[in-house]
Amino acid sequence: MRCAIRAWSLALGMLLLALPQPSRADNGILGAGSTFAFPVLAVWGYDLLNKGGFDYRAIGSGGGIKSIVANAVDFGASDAPMKPEELRERGLVQFPFIMGGVVPAANLPGIESNKLNLTGPLLAKIFMGQVRRWNNPEIRQLNPDLTLPPIDITVVHRADGSGTTWIFSDYLTKVSSDWANTLGTDKEIAWPVGIGADGNSGVAEKVRSTVGAIGYMEFGAAMAKKLTLLRMQNRQGNFIAPSMESFQAAAAHADWKHAPGFFMVLTDQPGAEVWPIAGVTYALLPAHSDHPTQTRRVLAFFDQCFEQGQKTAAILQYVPMPPSLVDTIRHRWDEQLSFRSIHLDPAALGTRVGQK
Numbered sequence: 224m225r226c227a228i229r230a231w232s233l234a235l236g237m238l239l240l241a242l243p244q245p246s247r248a249d250n251g252i253l254g255a256g257s258t259f260a261f262p263v264l265a266v267w268g269y270d271l272l273n274k275g276g277f278d279y280r281a282i283g284s285g286g287g288i289k290s291i292v293a294n295a296v297d298f299g300a301s302d303a304p305m306k307p308e309e310l311r312e313r314g315l316v317q318f319p320f321i322m323g324g325v326v327p328a329a330n331l332p333g334i335e336s337n338k339l340n341l342t343g344p345l346l347a348k349i350f351m352g353q354v355r356r357w358n359n360p361e362i363r364q365l366n367p368d369l370t371l372p373p374i375d376i377t378v379v380h381r382a383d384g385s386g387t388t389w390i391f392s393d394y395l396t397k398v399s400s401d402w403a404n405t406l407g408t409d410k411e412i413a414w415p416v417g418i419g420a421d422g423n424s425g426v427a428e429k430v431r432s433t434v435g436a437i438g439y440m441e442f443g444a445a446m447a448k449k450l451t452l453l454r455m456q457n458r459q460g461n462f463i464a465p466s467m468e469s470f471q472a473a474a475a476h477a478d479w480k481h482a483p484g485f486f487m488v489l490t491d492q493p494g495a496e497v498w499p500i501a502g503v504t505y506a507l508l509p510a511h512s513d514h515p516t517q518t519r520r521v522l523a524f525f526d527q528c529f530e531q532g533q534k535t536a537a538i539l540q541y542v543p544m545p546p547s548l549v550d551t552i553r554h555r556w557d558e559q560l561s562f563r564s565i566h567l568d569p570a571a572l573g574t575r576v577g578q579k
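When the count follows this note's numbering, it moves up by one through the sequence shown with no breaks and lands on 579 for the last residue.
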């Protein structure tokens, strides 16, 4: 029953995503950036802004940062948090609005989801082109009960500047010295092997259509394409399947109140049930807005997302914001933004969900 409900919920979410996005209108909101957060932002925008007036362009986290710095959008969205000094230099503030998991997913005939085990160092070797066959001895050693196909591994990675890549490469940097010394953590990587694709959905589709492929993507994208999910070894040595519960475990010990500029990285966190490749998506706004009314509209939108959009987030396989974190975010809005005393008037959003 639970699987049926989840499948129905995902189908509903994908249906809403397929609806045409409105162009930017008077009193509307324009955002750009993270493809990781696109599914939930699209549904939130459709639901909360009276089915209109919200335009979000999923151009990748790098593009979102460039767009907000250039004052080309009302907010940017990035999965790669900016350090406090970077925020000051660019005149921005950031706050988290959604959490979730980045997952390696494959096209492996005959292998069920959440049956194949990988370690972080072995995953790094695969994406560095050092392990090229699915029946490689290192993979077989971790999976003695599986009959692994004797086929080539095709690596699929992001072709665009991506916060999902930042999260994934940050994890590999922490668990593999070879990766750290050669490729490191960034939104764009000089990939030694593989095929590039744009966006999480692009990577998922390329994996779906390529036998033997493996790629990294947002959890919901992998679920939507029915890809083979893999179990990853966490810091405690346990092999963990990606799930809402394991993503929540990764976020459980985050000390947001003492995080300058909300800078927080959730990869390779301690804990027996933790999924090791978890991440956060941040909204970026100007610290000194030339258009305070418009910035208030953006904050009112996110305020209503926190109030009314958490069930939608969970349906789409994201981790909702804990109430204590939402309180901290609202306090920081008043503390950090130059026009102070922001009165979040829900009426600024137009008709609410369920109202006529």
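Backbone N, C-alpha and C define an ideal beta-carbon position, used for all residues, glycine too.
Asked, Found
"Beta-carbon proximity of A495 to Q459, cut-off 8 Å", "yes"
"Coil, strand or helix - V266 by DSSP", "helix"
"L371 to S466 span [Cα, whole Å]", "24 Å"
"Top-ranked residue by Cα proximity to V430, from D270, Q527, P332", "P332"
"Those runs of the alpha helix (DSSP H) which lie wholly inside the region 496-546 and span at least 4 residues", "515-531, 533-538"
"Delimiting residues of the alpha helix (DSSP H) encompassing D401", "400-405"
"Given 8 Å, three or more beta-carbon pairs between the region 303-312 and the region 422-440", "no"
"CB contact flag (D393, T490, <8 Å)", "yes"
"Reference L450; option with closest CA among E468, F470, A329", "A329"
"Buried versus exposed call for Q492 [16 or more other C-beta atoms within 10 Å across all chains shown]", "buried"
"Beta-carbon contacts of T535 that lie in its chain and below 6 Å, excluding the five residues immediately before and after", "V266"
"Coil, strand or helix - M305 by DSSP", "coil"
"Length of the line joining the Cα atoms of I463 and Q540", "16 Å"
"Of the residues F259, G254, A523, S547, the one placed nearest G386, counting alpha carbons only", "F259"
"Distance, D375 Cα to G384 Cα", "27 Å"
"Within 8 Å, strictly: CB atoms of M441 and N423", "Residue identity differs from the one stated: residue 441 is Glu in this sequence, not Met. Yes, the Cβ-Cβ distance between E441 and N423 is below 8 Å."
"S284 vs S257 beta-carbon contact at 8 Å", "yes"
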